[in-house]
Structure formats: structure tokens, C-alpha cells
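Residue numbers (this note's numbering): 190 to 527.
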């Protein structure tokens, strides 16, 4: 492979990699109650699963400007995800919890316990109510930083703040893989992504293992598709041959008729379409570019389904278009389909 081709491939991977912060944020939003059952069972017992959790992203973003990371260099927002959730309880009240997910832990020089303490102080001052907390460490960091304890003592004054810490890289592999909790399966994927880092062939083995786990679960297709999206993103294969083998595995399973894989294909198509639309949107306006991107993505997904010989009723169900629109697209892709 030429140097130029290698650079192109590296750039392609860098652009295609889904951001870790968005992956974990999406996972926590989608599987919030499952996360509580796995990590904070006491809150899970008190929470009302039939009421919607309210995520206050704007509030935490404003407060985040006041919380410095105390590092030698500028703070990188991609290193962490802060989520403030208002959780309805069965008793009729609400509980508030701050979720802090540390993404790029190994390279961090900041004072992590201090950051957690400052957030607690700001939130309780702002809202005049207690706030629970949970730190999720995606990668290992030093013992002092990952202890879950902030301490300060001077002139007779002592402050001790303790909070639970979930270390994704630690845990019982077998128990997580066999758990009936979807969040545990996501934890397992994150754990194996770290433990098998730099070894795409090994990661592919575990990704196929996770596919089999998803296939045998009784969860909804939508929930499985969300987990598969996370698994594929957090594992992130770079080797071209391994990537091709993974795509072939997905294509084989999609042809077997699983709605989960069709949903994943649709999401990928829309994502690629959004990228194209945003690129075109530089000239036409970003809002128009985003809208055009979504349409491009859906059109690409329909094209792939037609080329694969999927039944029309299945295409209509997944693409959410009319029969007339499908007929027009079939005419458009007539040469390719035939």
C-alpha cells in the first residue's frame, strides 16, 4: 500500500470513527433505567420506570464553564461527558443525579475528584437540593483519581466527599456477557474494546460473539439495534481486511431477515447522507444541508434494500415512505435493480 493510500485510509478511519463522548451519552440516555439497575440498584428501586427521565443538558453545559479541570493544558471536552438527570420516583418526588463519564482517562492530568466536588457544590447551590453522583471511567486512571473520594483538610476544617465509581475495564466478563441487562452487555463491549485494543482480529472475535448474544435475547429490535450501534462504535475496527469481514458478517445476517441489522444499515445510511448533506450545506446553508443529508441517507438505504431483493412491504415499513415514493425510487434505480 502506498504512503498516500495509507494516509487516505487513516483519514477515512479518523472521519468514520464515532466520537466516544456521543456513544456513551447516547447509551446512557437510551438505557438509563437499565444502567440504574446495574450500577445503582437502590435508586433503581425508588425510580418510577413508567415516567420519563428528564435530561438537563443545557443546565450542565452552563455550569461546566465554571468547572476547570486543573490540568497543565487546555481542557478537552471530548475527554468527558457530563449528564444531569432528573429522575421521577415512585413516591412522587424527584431525584437528581450527575453522571460524569471520563473518556480519555489515561492521558488526563486533571484532578478528577475535585471536578466531581465542584459540580456537586454548584448544582446544590443552583437548585437548593441534594444531587447524587456517579463517575464512569471508560479507561483506567490512577488510584488517587479513581478512588471516588475528594478530601481537603486545613486549619481544622475537613471536607470529605464520596461518590460511586464504575470502572468499565474491570468486572466479571462472563457475568456481564450473560446478564439479562442490556447495559451490562454494553459494559462488556467497552471492557473488551479496551482489553483488546490494537488487536482488530481479536476485537472482531468478540464483536461476533456479541452478535450471537444479541440474536438470542428477547429484547426489542430497536433496543438491539441501539446496542449494536454502540458495540460497533466502541470497538472501532481500523484494519481494512477485518472491517470488510465485519461488514460481510452484518450483510449475511441482514439477508437472513433480522430487523435489527436493517435498522443498523438505515442508521449508517442516514449518517453518511448527513455527512454528504452537510458538505453540500456549506454552500446551501447548514440547515438545508442537514435535511438533504437525511434524505440522501434514507435513499441510499432504500437502494441497498432494493438491490438485496428485500420485500416491498419490509422496505415500506423501515423507510416509512408511501408506495408511490417507492415506485418512483424503483424506477430511478431500475438499471441497478435489474
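Just so you know, even glycine gets a beta-carbon here, dropped at the ideal spot from N, CA and C. No experiment lies behind these values; they were computed from the predicted model shown.
Worksheet item: Taking the alpha-carbon positions, what's the residue 308 to residue 340 distance?
Response: 15 angstroms
Item to complete: Measuring alpha carbon to alpha carbon, tell me which of 213, 311 and 321 ends up nearest residue 233.
Response: 321
Discussion item. So, for residue 356: in the same chain, excluding its five sequence neighbours on each side, which residues have a beta-carbon less than 8 angstroms away from its beta-carbon?
Written reply: 326, 329 and 335
Worksheet item: If we count the other Cβ atoms within 10 Å of its Cβ and call it buried at 16 or more, is residue 208 buried or exposed?
Response: exposed
Worksheet item: What is the DSSP secondary structure of residue 403, counted as helix, strand or coil?
Response: helix
Fill in: DSSP bridge partner residues for residue 235 (one or two, in chain order)
None, per the DSSP bridge assignment.
Practice prompt. Determine the direct distance from the alpha carbon of residue 300 to that of residue 344, and round the result to whole angstroms.
Written response: 22 angstroms
Practice prompt. Note down the Cα distance separating residue 532 from residue 348, rounded to an integer number of angstroms.
Written response: Only positions 190 to 527 of the chain appear in the structure, and residue 532 is not among them; the question remains open.
Practice prompt. Can you tell me which of the three DSSP states residue 519 falls into?
Written response: helix
Worksheet item: Is the Cβ-Cβ distance between residue 365 and residue 377 less than 8 angstroms?
Response: yes
Worksheet entry | Spatial distance of residue 518 from residue 440 (CA atoms) | 22 angstroms
Worksheet item: If you compare alpha carbons, which of 275, 342 and 352 is closest to residue 302?
Response: Of the candidates 275, 342 and 352, the one whose C-alpha sits nearest the C-alpha of residue 302 is 352.
Item to complete: Can you give me the Cβ contacts of residue 512 inside the same chain, cut-off strictly under 6 angstroms, excluding the 5 residues immediately before and after it?
Response: none
Worksheet item: Among residues of its own chain, excluding the 5 on either side of residue 285, which ones have a beta-carbon nearer than 6 angstroms to its beta-carbon?
Response: 275 and 320
Discussion item. Are the CB atoms of residue 290 and residue 213 within a distance shorter than 8 angstroms?
Written reply: Taking 8 angstroms as the Cβ cut-off, residue 213 and residue 290 qualify as a contacting pair.
Worksheet item: Apart from the five residues just before and just after residue 472, which ones in its own chain have a Cβ nearer than 6 angstroms to its Cβ?
Response: Reliability fails at residue 472, whose pLDDT of 49 lies under 50, so the model's placement of it is uncertain and no value is given.
Worksheet entry | residue 325 - partner residues in DSSP beta bridges | 290 and 355
Worksheet entry | Close beta carbons around residue 139, own chain, < 8 angstroms, minus the five adjacent residues each side | This structure cannot settle anything about residue 139, because the visible part of the chain is limited to 190 through 527.
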